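Just so we're aligned: the sequence shown equals residues 4 to 212 in the working numbering. Even for Gly, the Cβ is constructed at its ideal location relative to N, Cα and C. What you are looking at is a predicted structure, and each value in this text was computed from that prediction instead of being measured.
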Amino acid sequence: MAEKNIHENTSKFRKINVYKKAIRCLGIAESFRKENKYAVLVGVVMRSDFLIDGVYIERVTVGGMDSTKAVIRMYYNTGRNDINFILINGVIISYYNIIDLSEVFNSVKIPVISVTYRESKGLEEIIRKNFPDWKERVEVYRKNGKRVPLPLRTGHIVYVRYFGVDFRECMHLVNKFTVEGKHPEPIKVAKMIARSINKYVCCSRGRLL
């Protein structure tokens, strides 16, 4: 059984019934090339019947620390109040641009879940060796807490961090949006769009404004 998440208390946040039939997820993923200044961050709003009813685009600095603000900005720029939770493809994106999940949760006031797909011994040593501002990055990394293994109905295991829900609710939500393999559909679609945009920008020698 997973340990109790210290961020399960949602008394100050929007209550949602995670078990109702129709819910919406904002799935977020990115694509980047290390030689570029900016990475593409894409959000896909997907219903639980897997219909897409929104696509949103932001940019984050490759190797920067602006991903948290970009995720929050994306959510509010949707102008929607029907998104029930956010599903993010990992917390370390765009060359160690680390998302602060608790800051996102406290800002958007709906559950936030990050998903990764492999076991890891941690990345603190790599961060220390490669970034002058490593203390800030490590602080955010630790603040996100440890990952928890989560079994999927597809037979795979993913690793999650979750804010605003308990482990059982988190497991229900992730499984609800996962059809096959390890990757939830909102994240899968967001990743495909981000890669396509990034490829177009690079091939056309364009730039993200």
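Same chain, Cβ closer than 8 Å to I75, five either side skipped, listed in chain order = E106, V107, S110, V111
Taking the alpha-carbon positions, what's the R17 to I113 distance?
-> Cα-Cα distance, rounded: 6 Å.
If you scan the segment 11–78 from start to end, which runs of the beta strand (DSSP E) of 3 or more residues do you find wholly inside it?
-> 27–34, 41–50, 55–64
Whole beta strand (DSSP E) elements within the segment 147–201, 3-residue minimum = 151–154, 160–166
Cutoff 8 Å; reference I55; Cβ partners in own chain excluding five residues on either side = V47, V48, M49, V192
Which value, in whole angstroms, describes the spacing of the CA atoms of G167 and R198?
-> 30 Å
Where do the N-terminal and C-terminal ends of the beta strand (DSSP E) with L126 fall, by residue?
-> Unbroken run through L126: none, as it is neither H nor E.
Could you check if N84 is buried or exposed, using at least 16 other CB atoms within 10 Å of its CB as the buried criterion?
-> exposed
Helix, strand or coil: which one does DSSP assign to S97?
-> coil
For I130, collect the residues of the same chain with a Cβ closer than 8 Å to its Cβ; drop the 5 residues on either side in sequence, then sort them by chain order.
-> Residues Y99, W137, R140, V141, Y144 of the same chain have their beta carbon placed closer than 8 Å to that of I130, with the five preceding and five following residues left out of the count.
On the DSSP bridge assignment, give the partners of F88 in chain order.
-> C28
Boundaries (first-last residue) of the alpha helix (DSSP H) holding E122 | E122 -> no alpha helix (DSSP H), and no H or E assigned at all.
Would you mind reading off the limits of the alpha helix (DSSP H) that contains F108?
-> Per DSSP, F108 belongs to the alpha helix (DSSP H) from 104–111.
Sub-8 Å separation of V58 and V45 beta-carbons = yes
If you drop the 5 nearest sequence neighbours on each side, which residues of the same chain put their C-beta closer than 8 Å to that of T181?
-> Result list for T181: L155, R156, T157, P187, E188, in chain order.
Would you mind giving the Cβ-Cβ distance between N87 and A32, rounded to the nearest angstrom? I have them listed as a contact below 8 Å.
-> Actually they are not in contact, since the Cβ atoms of N87 and A32 sit about 18 Å apart, beyond 8 Å.
Which same chain residues, not among the five before or five after I200, have their C-beta less than 8 Å away from its C-beta?
-> S34, V43, V45, I60
Per-residue burial, D52 [other beta carbons within 10 Å of its own, 16 or more giving buried] = exposed
For A73, is the classification buried or exposed, using 16 other Cβ atoms within 10 angstroms of its Cβ as the cut-off for buried?
-> buried
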